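**Q** Please read through the structure below; I'll follow up with questions.
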DNA sequence: CGTCTCGCTTACGTTCGCGTCAACCTGCTC
DNA sequence: GAGCAGGTTGACGCGAACGTAAGCGAGACG
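Chains as they are written, first to last, in the numbering used here: chain A, 921 to 1052; chain B, 921 to 1052.
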């Protein structure tokens, strides 16, 4: 079920990361698995956090930026100023992502054109050196 | 004009990079400024390349990936197999970017919702502790 | 009982993308 | 001709995000 506890190996297989990575994220206080004895156990919340961490990484955010962002996703009973600060961070990241989104759109169009050009050159070259 | 040669300092000011960065990119064979004596001079082509380099970096591509991509933007008279290989690289990057674009869209919506939630919590808290 | 597998911690090593000297050349200008 | 500004080439340093190796339990198995 969705609230199943997972071992570190199961997490690694599920998310395609190494144990080292998970322990590293824990050391940087991005995830907080429970302990059964010495062993780590990851629950639904940890998995949700890891999903966000990996996503954030793909967009080029540092682990520290991601750590701050994660507070947004936690309904923890912090105080007003903390919530406000967290919202600030969230807005900054959002602005980053929106900029990235716009620029990415342009870059994709650009790259598509370059590929098309290169393909045309390929075809032209084929015409000049026919094989059949 | 657009074909003006620029010194390293002018480039740095224009693109907000350091001299070290430009020399580093040159060492990695991403740009090839001409020399007047010992000094580097950057032309329109170098600037176009630098634009693409910085853009690629913002999307999380490595300098090596960018270097390969830059060949797409050069009409250099390479041979068929080279052009084909370059197109391959371009398509791979394009696929990366398209994936990134789709995921970014989701992440932005997600983040917007979280910020809205946090704002609601802030307002709720204000209602419970009115100042006026 | 030995040994295997998992996981744990500690700690040093590595890659990327530059920053930061140090030492040198070169063309003014005073 | 001394100084200075601007550029050059090494070479070493550094932070981020892990990789890797060493050595230590603790439980499972035959």
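All residues carry an ideal CB built from backbone N, CA and C; glycine is no exception.
Keep in mind it's a predicted model, so treat the numbers as computed, not measured.
Listed in chain order, which residues of the segment 951 to 965 of chain A have Cβ atoms closer than 8 Å to some Cβ of chain B?
**A** The residues in question: there are none.
**Q** Would residue 927/B pass as an interface residue toward chain A - the criterion being a Cβ-Cβ separation below 8 Å?
**A** As a working mapping, residue 927/B is identified with position 7 in the second chain. Chain A, which has no Cβ nearer than 8 Å to the Cβ of residue 927/B, makes this no.
**Q** Beta-carbon within less than 6 Å of residue 1026/B's beta-carbon, same chain only, minus the 5 sequence neighbours each way: which residues are those?
**A** Indexing the second chain from 1 puts residue 1026/B at position 106. Answer for residue 1026/B: no residue qualifies.
**Q** Select from 971/A, 1003/A, 1050/A the residue whose C-alpha is nearest the C-alpha of residue 942/A.
**A** Working through the first chain from its first residue, we reach residue 942/A at position 22. Looking at the Cα atoms, 971/A is the closest of the given residues.
**Q** Nearest by alpha-carbon distance to residue 931/A: which of 955/A, 966/A, 948/A, 1029/A is it?
**A** Residue mapping note: residue 931/A aligns to position 11 of the first chain, counting from 1. Closest option to residue 931/A, Cα to Cα, is 966/A.
**Q** Mark residue 924/B as exposed unless 16 or more other C-beta atoms lie within 10 angstroms of its C-beta, in which case mark it buried.
**A** Stepping through the second chain from its first residue, residue 924/B is reached at position 4. Residue 924/B should be labelled exposed.
**Q** Per DSSP, what kind of secondary structure is residue 954/B in: helix, strand or coil?
**A** Looking up residue 954/B in the second chain gives position 34. Note: residue 954/B maps to strand in three-state DSSP.
**Q** Per DSSP, residue 926/B forms a beta bridge with which residues?
**A** By 1-based counting over the second chain, the position of residue 926/B is 6. DSSP lists 962/B as partners of residue 926/B.
**Q** Scan the segment 967 to 1051 of chain B and note each continuous alpha helix (DSSP H) run of 4 residues or more that stays entirely inside, going in chain order.
**A** Complete alpha helix (DSSP H) runs here, min 4: 983 to 990, 1000 to 1048.
**Q** Taking only beta-carbon positions, decide if residue 984/A is within less than 8 Å of chain B.
**A** The sequence position of residue 984/A within the first chain is 64, counting from 1. Not closer than 8 Å to any Cβ of chain B, the Cβ of residue 984/A fails to qualify, so no.
**Q** Just checking residue 971/B against the ligand HEM - is the residue's beta carbon closer than 7 Å to any of the ligand's heavy atoms?
**A** Among the components modelled here there is no ligand, and therefore nothing to report on the ligand HEM.
**Q** Just the Cα atoms here: how many angstroms apart are residue 1001/B and residue 1020/B?
**A** Counting from 1 along the second chain, the entry for residue 1001/B is found at position 81. Counting from 1 along the second chain, the entry for residue 1020/B is found at position 100. So the alpha carbons of these two residues sit roughly 29 Å apart.
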